[in-house]
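Note that our numbering has the first sequence beginning at 42, numbered continuously upward. Cβ atoms here follow ideal geometry from the backbone N, Cα and C, with glycine treated the same way.
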Amino acid sequence: MSQVRVRFAPSPTGFFHIGSARTALFNWLYARHCNGTFVLRIEDTDHERNTPEALRVLLEGMRWLGLDWDEGPEIGGPKGPYFQSERSEIYRAAVEKLLANGRAYEKDGAVFFRIEGERYREYDEYLKAEVEKVRAEPMVFEDAIRGRIERVVDRDFPIVRANGEPVFHLVNVVDDIEMEISHVIRGEDHLANTARHLELFHALGATPPIFAHLPLILKDPAVGKGKMSKRDQGALIEEYQTRHFLAESVRNFLCLLGWNPKDDREVMPIGEIIESFDFPGIQKGAARFDEAKMRFMNGHYLRELPVETYAWFARPILTEAGVIEEDADEDYLQKVLLLCRPKLDLLENLADYSRFFFTRDYPLDEKARAKVGKKADPSELAGELAAAIDAETEAGVAGFEAALEKAANEHGRKAGAYRPLTRFAVTGGLSGPDMGEIIELLGLEEISLRLKKLASAPVEESK
RNA sequence: GUCCCGUUCGUCUAGCCAGGCCUAGGACACUGGGUUUUCAUCCCAGCAACAGGGGUUCGAAUCCCCUACGGGACGCCA
């Protein structure tokens, strides 16, 4: 059996689009599944938008997602160079060959590929001009995902521009031949191009690879129509990097966007995905990106992280948000993180969720204050409870419960009246980590202090 | 305009190729309940789909045809 060689051939634009990432991912998965080779080839023939920064974004995104390539930039390989900008000689040779065997001709300084068949002229509604067309034999191929596809190429097309630069169709096919690519896995937007590519493969005397066209990722209908483009909210991998999504969850989610293992597994380790991944599991219809599900997965992976790793991710986030200092105590940090984790799905929310553990200067949610103040004056309640706590000798939750009981009896209230209030005083809101654990970690003294602070604060009328 | 591809719950999808096991399964979201002082975790329950029409067949989500809708391509962009 011949070696499986697949490639991801992006054009560095300065963005790493979610659709490109998914294409890269599926190529990578297939290569790993088949024990094949994953080639990264940079289609940088468009010199204007091609900058080192654009390449960096791309490679960084690939690495972040864990998509390691076997041949390509920075590591080289036997079929290099892997930048199209460095392969001009190879393209020139291919053009010479086509020119020599009569499948190409020069016109207006450019080189055109000749489609064989009877020629006629026709007004083209789309091009708004009369053009020369060809009655050609249809190109037929078996798409690994969609089955039999048939399409005619009815017009000659340029393969070298008047400025001497080779055109995408040409370089793409030449490189796939030279790099001995066995399977071309790419987006459905290339489906219509495939007939042209097939013409080129044949004219160059090469056996075409197997094609597999992936369904497109569509934008949220609320945003607009059509395939997701780089301008759409949530369309770039960088966005999820900056929002501190775990790469694992983004990758897992992307795997499921257009592929599934045919059983009920969804959150699954990458090794299992690699093992199960194959063309029959790939969807034909386009999919819509659903951030809610990715968030859910992120929460799942977050909860599975070893606490040291979790802290390693969290520390810079909290430092940047001004919640902790660079030298914050690791032990205390880990305790806080563990307390926050059960209900946290996104690291980007961690700062607001945990601020009160590190400072007394946390915002008080006015809605929460209004809610707490519905039955009784918060300041009054806080004062009563603080006094009871100060009189208490036992520490921790036990002491808190005793104080609660005492305050309730003394002032003729239900113990429950103090509970939401305590959370509000201690955290600034009405939701968050388990209150008992907060009390244990912060200590009764601190709880009392925060209650007193609330008791002495001026009461604001809620609007 | 021409050509190509697609269409199962709001979303991602299983089932379709090898028609009966489908009163269509799972997951996210949503709703309700439980746990909880609170809560974004956890547990339970619920909601909700075969685009429409015609055929073939004893029987169709599954096969065939048409229509509608969605998407893509048609560039000296990639």
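Exercise for review: Could you tell me how far apart the beta carbons of L405 and L426 are, in whole angstroms, since I believe they sit closer than 8 Å?
Suggested key: Wrong, their Cβ atoms sit about 17 Å apart, outside the cutoff.
Exercise for review: Look up T78 in the DSSP assignment and say whether it is helix, strand or coil.
Suggested key: Three-state DSSP puts T78 in a strand.
Practice item. Starting from Y161, trace the beta strand (DSSP E) both ways and give me its first and last residue. Key: Start and end: 159 to 165.
Exercise for review: Over the uninterrupted alpha helix (DSSP H) stretch that includes H231, give me the two end residues.
Suggested key: For H231, no alpha helix (DSSP H) run applies, since DSSP gives it neither H nor E.
Review point. Roughly how many angstroms lie between the CA atoms of D319 and E157, to the nearest whole one?
Key: Put simply, the backbone Cα of D319 is about 36 Å away from that of E157.
Review point. In chain order, what residues of the same chain have a beta carbon less than 7 Å from the beta carbon of R491, not counting five sequence neighbours either side?
Key: Cβ within range, chain order: R401, A466, V467.
Practice item. Just mark W353 as buried or exposed, buried being the case when its beta carbon has 16 or more other beta carbons within 10 Å. Key: By the neighbour-count definition (other C-beta atoms within 10 Å, threshold 16), W353 is an exposed residue.
**Study point:** Own chain residues within Cβ distance below 8 Å of R189, not counting five before or after
**Key:** In chain order, V181, F182, E183 place their CB closer than 8 Å to the CB of R189, counting only its own chain and leaving out the 5 sequence neighbours on each side.
Point to revise | Segment limits, beta strand (DSSP E) that includes E183 | key: Annotation: the continuous beta strand (DSSP E) that includes E183 extends over 180 to 184.
Practice item. Within its chain, find whatever has a CB closer than 8 Å to the CB of R63; leave out the 5 residues flanking it on each side and keep chain order. Key: In its chain, beyond the 5 residues on either side, L255, I258, L295, L298, G299 have a beta carbon closer than 8 Å to the beta carbon of R63.
Exercise for review: Pair every Cβ in the region 202 to 211 with every Cβ in the region 72 to 87, then say whether three or more of these pairs are closer than 8 Å.
Suggested key: Contact annotation: the region 202 to 211 touches the region 72 to 87, with at least three C-beta pairs closer than 8 Å.
Exercise for review: Assign R505 to one of two classes, buried (16 or more other C-beta atoms within 10 Å of its C-beta) or exposed (fewer than that).
Suggested key: Nothing can be reported for residue 505, as the shown portion of the chain is limited to 42 through 504.
Practice item. Reducing DSSP to helix, strand and coil, say where A170 ends up. Key: Three-state DSSP puts A170 in a strand.
Practice item. Using three-state DSSP, classify K493 as helix, strand or coil. Key: In this structure, K493 counts as helix in the three-state DSSP scheme.
Review point. Does the Cβ of P51 have 16 or more other Cβ atoms within 10 Å, making it buried, or fewer, making it exposed?
Key: Around the beta-carbon of P51, 16 or more other beta-carbon atoms lie within 10 Å, marking it buried.
Check your understanding: What residue range is occupied by the uninterrupted beta strand (DSSP E) comprising K148?
Key -> Per DSSP, K148 belongs to the beta strand (DSSP E) from 145 to 148.
Review point. Counting Cβ pairs, one atom from each stretch, are 3 or more of them under 8 Å apart for the region 366 to 380 and the region 420 to 438?
Key: Taking 8 Å as the limit for Cβ pairs, the verdict is that the region 420 to 438 does not touch the region 366 to 380.
Review point. Can you pull the DSSP bridge partners for H254?
Key: Among the bridge pairs identified by DSSP, H254 is matched with R227.
Check your understanding: Rounded to a whole number of angstroms, what is the C-alpha to C-alpha distance between M335 and V291?
Key -> C-alpha separation (whole angstroms): 7 Å.
Practice item. Using only alpha-carbon positions, find the residue among V377, D393, L495 that is nearest to L422. Key: Ranked by Cα distance from L422, the first of V377, D393, L495 is L495.
Review point. For K268, which beta-bridge partners are listed by DSSP?
Key: L259.
**Study point:** Status (buried if at least 16 other CB within 10 Å, exposed otherwise) for T248
**Key:** It counts as exposed.
Exercise for review: Could you check which residue in E332, E171, T54, D217 has the C-alpha nearest to that of P122?
Suggested key: Looking at the Cα atoms, D217 is the closest of the given residues.
Review point. In the structure shown, what three-state DSSP assignment does H452 receive?
Key: In the structure shown, H452 falls within a helical segment according to DSSP collapsed to helix, strand and coil.
Point to revise | Cβ pair count under 8 Å reaching 3, the region 226 to 239 against the region 192 to 200 | key: As far as the Cβ criterion goes, the region 226 to 239 touches the region 192 to 200, which means the pair count is three or higher.
**Study point:** Closest Cα partner of F154 within the set D165, Y161, N142, R162
**Key:** Selection D165, Y161, N142, R162 evaluated against F154 yields N142 as nearest (Cα-Cα).
**Study point:** Proximity of L211 and A135 at Cβ, strictly below 8 Å
**Key:** Yes, Cβ-Cβ distance for L211 and A135 is below 8 Å.
**Study point:** Length of the line joining the Cα atoms of A355 and N390
**Key:** The C-alpha of A355 lies about 11 Å from the C-alpha of N390.
Review point. If you count every other CB in all the chains shown that lies within 10 Å of the CB of A170, and 16 or more means buried, which is it?
Key: Exposed, since its Cβ has fewer than 16 Cβ neighbours within 10 Å.
Check your understanding: What are the boundary residues of the alpha helix (DSSP H) that G477 is part of?
Key -> Counted as a single uninterrupted DSSP element, the alpha helix (DSSP H) harbouring G477 occupies residues 476 to 483.
Review point. Of the residues V214, A233, Y167, which one's Cα is nearest the Cα of V194?
Key: By alpha-carbon distance to V194, the top candidate from V214, A233, Y167 is A233.
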